[in-house]
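Q: Residues in the sequence shown are numbered consecutively from 1, following full-length UniProt numbering. Backbone N, C-alpha and C fix where the C-beta goes; we use that ideal spot for every residue, glycine too. Below is a structure I'd like to ask you about.
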Amino acid sequence: MVRTIHWIYRLFFLYIEPISALAGAYYAAFQPDNYLKDLSLPGLQLDSPSLTTQNRMVLLQLANLYLLFALNEHLVLSSTNSLKTWRRLLFGLLVADFGHLVSMAPLGAEVFWRVGDWNAMVWGSVGFVYAGASMRMSFLAGLGLGSEESPGDRPKTE
1 MVRTIHWIYR LFFLYIEPIS ALAGAYYAAF QPDNYLKDLS LPGLQLDSPS
51 LTTQNRMVLL QLANLYLLFA LNEHLVLSST NSLKTWRRLL FGLLVADFGH
101 LVSMAPLGAE VFWRVGDWNA MVWGSVGFVY AGASMRMSFL AGLGLGSEES
151 PGDRPKTE
């Protein structure tokens, strides 16, 4: 019997998170001034962001990676019920979650816990990453998956 992926995981990984990544891609590519300005906490004295040619290029590259993230997650996971495939992709994205959080460290440790000070950008870059990482860790730990094995999980025999 083939185990199905719980609907909560499907909803989050196939729709909510990819749509959120597309929003991030749009913001980085088409609202670069706002993207840079909002990547902060209130009260922090940061350098004024200037949109140099190099900054614009980096933000376009970031937008491209958000697009890749959204497409990979939705297209790969929606094409299979193989837990092996889901686990491998979600593990890679979990590693990326931690890298994304590390990229916020220059704002100081308080960026990770001053939830009341978060603007929409910090909610996306920290809070939503916490949610995604929590969902991935839950999936990888087997929460809500039952004990049946899907055909993609069985060892290959030759």
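#1: How would you write the range of the alpha helix (DSSP H) that Tyr15 sits in, first residue to last?
#2: Does the Cβ of Phe13 have 16 or more other Cβ atoms within 10 Å, making it buried, or fewer, making it exposed?
#3: Taking the CB atoms as reference points, tell me whether Leu59 and Asp117 lie closer together than 8 Å.
#4: Tell me, to the nearest whole angstrom, how far the beta carbon of Leu83 is from that of Ala25; I am working on the premise that it is less than 8 Å.
#5: Would DSSP call Asn119 helix, strand or coil?
#6: Given Tyr9, which residues of its chain have a CB within under 6 Å of its CB, disregarding the five upstream and five downstream residues?
#7: In the structure shown, what three-state DSSP assignment does Met104 receive?
#8: If we ignore side chains and look at the alpha-carbon of each, how far apart do Phe69 and Ala21 end up?
#9: Would you decide whether Pro106 is buried or exposed? Buried here means 16 or more other CB atoms lie within 10 Å of its CB.
#10: Ends of the alpha helix (DSSP H) at Tyr139?
#11: How big is the Cα-Cα spacing for Pro32 and Leu39?
#12: Between the alpha carbons of Val115 and Val126, how many angstroms are there, rounded?
#13: Evaluate Arg88 with the Cβ neighbour count: other Cβ atoms within 10 Å of its Cβ, from every protein chain shown; 16 or more gives buried, anything less gives exposed.
#14: Using only the alpha-carbon positions, how far apart do Thr4 and Trp123 sit?
#15: Is the beta carbon of Leu62 sitting closer than 8 Å to the one on Ala28?
A: Concretely, from the data shown:
#1: Residue mapping note: residue 15 aligns to position 15 of the sequence shown, counting from 1. Counting along the chain, Tyr15 falls outside any alpha helix (DSSP H), and DSSP gives it neither H nor E.
#2: For the purposes of this step, residue 13 is identified with residue 13 of the sequence shown, where counting begins at 1. Result: buried.
#3: Stepping through the sequence shown from its first residue, residue 59 is reached at position 59. Stepping through the sequence shown from its first residue, residue 117 is reached at position 117. Cβ distance not < 8 Å, so Leu59 and Asp117 don't count as in contact.
#4: Numbered from its first residue, the sequence shown carries residue 83 at position 83. Numbered from its first residue, the sequence shown carries residue 25 at position 25. About 28 Å separates the two Cβ atoms, so there is no contact after all.
#5: By one-based count along the sequence shown, residue 119 stands at place 119. The answer is coil: DSSP assigns Asn119 none of H, G, I, E or B.
#6: The residue given as residue 9 occupies position 9 in the sequence shown. Phe139.
#7: Against the sequence shown, residue 104 aligns to sequence position 104. The answer is coil: DSSP assigns Met104 none of H, G, I, E or B.
#8: Residue 69 sits at position 69 when you count from the first residue of the sequence shown. Residue 21 sits at position 21 when you count from the first residue of the sequence shown. So the alpha carbons of these two residues sit roughly 7 Å apart.
#9: For the purposes of this step, residue 106 is taken as the residue at position 106 of the sequence shown. Burial is judged here by how many other beta carbons sit within 10 angstroms of a residue's own beta carbon; Pro106 has fewer than 16 and is exposed.
#10: Counting from 1 along the sequence shown, the entry for residue 139 is found at position 139. A small correction: the amino acid at residue 139 is Phe; Tyr does not occupy that position in the sequence shown. 128-140 is the extent of the alpha helix (DSSP H) around Phe139.
#11: In the sequence shown, residue 32 corresponds to position 32, counting from 1. In the sequence shown, residue 39 corresponds to position 39, counting from 1. If you take the alpha carbons of Pro32 and Leu39, they lie about 11 Å apart.
#12: Locating residue 115 in the sequence shown gives position 115, where the first residue counts as 1. Locating residue 126 in the sequence shown gives position 126, where the first residue counts as 1. Rounded to whole angstroms, Val115 to Val126 spans 9 Å at the Cα level.
#13: Position 88 of the sequence shown holds residue 88. Arg88 should be labelled exposed.
#14: Indexing the sequence shown from 1 puts residue 4 at position 4. Indexing the sequence shown from 1 puts residue 123 at position 123. C-alpha separation (whole angstroms): 31 Å.
#15: Working through the sequence shown from its first residue, we reach residue 62 at position 62. Working through the sequence shown from its first residue, we reach residue 28 at position 28. Cβ distance < 8 Å, so Leu62 and Ala28 count as in contact.
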